[in-house]
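Residue numbers (the working numbering): 193 to 400. First the structure, in the form of structure tokens, and then the observations on it.
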Amino acid sequence: MEYTPRSVSRLLKFLAIGLLLILFNSCYLAGFENPNAVYIANLGIHFGLGSILTLAFLIYLFKTWRTGSVIERSYSIMFLISAGCGTAILIFGAIRPFLLPAKPLHLAAKAHVITGIIGVAILAFRIIRNRAQQPAFAWAFGVVLSLSLVFAMAGIGYSRYAKAGRDNIRNPNTPPLSMEDEAPDPKAPSGRRLQTPTSTGSSRQISS
Numbered sequence: 193m194e195y196t197p198r199s200v201s202r203l204l205k206f207l208a209i210g211l212l213l214i215l216f217n218s219c220y221l222a223g224f225e226n227p228n229a230v231y232i233a234n235l236g237i238h239f240g241l242g243s244i245l246t247l248a249f250l251i252y253l254f255k256t257w258r259t260g261s262v263i264e265r266s267y268s269i270m271f272l273i274s275a276g277c278g279t280a281i282l283i284f285g286a287i288r289p290f291l292l293p294a295k296p297l298h299l300a301a302k303a304h305v306i307t308g309i310i311g312v313a314i315l316a317f318r319i320i321r322n323r324a325q326q327p328a329f330a331w332a333f334g335v336v337l338s339l340s341l342v343f344a345m346a347g348i349g350y351s352r353y354a355k356a357g358r359d360n361i362r363n364p365n366t367p368p369l370s371m372e373d374e375a376p377d378p379k380a381p382s383g384r385r386l387q388t389p390t391s392t393g394s395s396r397q398i399s400s
């Protein structure tokens, strides 16, 4: 089956737009690590969109691998590795506690992110270098890619700030005057009595 340069160009546009969408989605997942309903929904979108892009990318490779340049083969290899790691996480992530140790999947997650970023960078270089052929698309791709990077940095910064706030222990402005104002000792067994000093210097017992 013969493929025209126009059909290959349309497929590359589809992949580029899909990669930008999944990049925005990945920025949210990386920046807002809060397992709420929105996060779970974005995680499902990430898996679904990633699966669609993987199939489309395999078709693109079938069309262009033999005639592709070094740059095209470079980002193709990066995307293949990223897609393979993502597939491994999707398949084995749910059964990892039973069949696999945690470390290989953590390494797969890092490789998934790193190779994906490298692939997007090489693809962006290729599109910008050939911007004379499709200037409007190259300009739009560069703008959206820049916005996604800004969104990623803002999300990661917010996540670190929020996490630092959650990890801080804040003491009350007015310290408690006695043990009765404190929270009960969670480690104290039932019936245990704690000694607390009184204002006269003697001690009294309270139940925990």
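Glycine is no exception: its CB is placed at the ideal position from the N, C-alpha and C atoms. Note that the structure is predicted; figures quoted are calculated from it, not measured.
Residue i - DSSP class collapsed to helix/strand/coil
i, result
"N234", "helix"
"N228", "coil"
"T246", "helix"
"A346", "helix"
"T366", "coil"
"T256", "helix"
"N217", "helix"
"R202", "helix"
"A222", "helix"
"A330", "helix"
"A324", "coil"
Reference residue i, options the options, closest by Cα
i, options, result
"H298", "I309, A313, A280", "A280"
"A208", "G276, I319, A328, Y220", "I319"
"L215", "R321, G349, R323, V312", "V312"
"S340", "G308, S218, N234, C277", "S218"
"L212", "I283, G349, A316", "A316"
"S201", "A222, I232, E264", "E264"
"G242", "S199, I306, S274", "S274"
"V305", "V342, H238, A233", "H238"
"F271", "A346, L221, I314, Y220", "I314"
"G349", "A222, G240, G285, G210", "A222"
"L282", "L245, G236, S266, T259", "G236"
"G276", "G210, T246, V336, Y220", "T246"
"V342", "Y220, K302, T256, G278", "Y220"
"S199", "I244, T256, N228, G210", "T256"
"K302", "F284, G278, R321", "G278"
Rounded separation between residue i and residue j - CA only
i, j, result
"Q326", "K295", "44 Å"
"F187", "S338", "Outside the displayed span of the chain (193 to 400) sits residue 187, for which this structure offers no information."
"Y252", "N226", "35 Å"
"I309", "S268", "12 Å"
"W331", "L204", "15 Å"
"F206", "F329", "11 Å"
"M345", "F224", "11 Å"
"V230", "T307", "26 Å"
"S261", "F254", "14 Å"
"R323", "G240", "30 Å"
"R258", "A233", "38 Å"
"V335", "T366", "52 Å"
"I244", "G210", "9 Å"
"A300", "G285", "11 Å"
"S266", "N228", "37 Å"
Residue i CB to nearest heavy atom of the ligand ADP below 7 Å
i, result
"S274", "Absence of the ligand ADP is noted for the structure shown, with no ligands found whatsoever."
Next item on the list: With a floor of 4 residues, list each alpha helix (DSSP H) that falls wholly inside the region 261 to 318, ordered by position along the chain.
Entry: 262 to 284, 288 to 291
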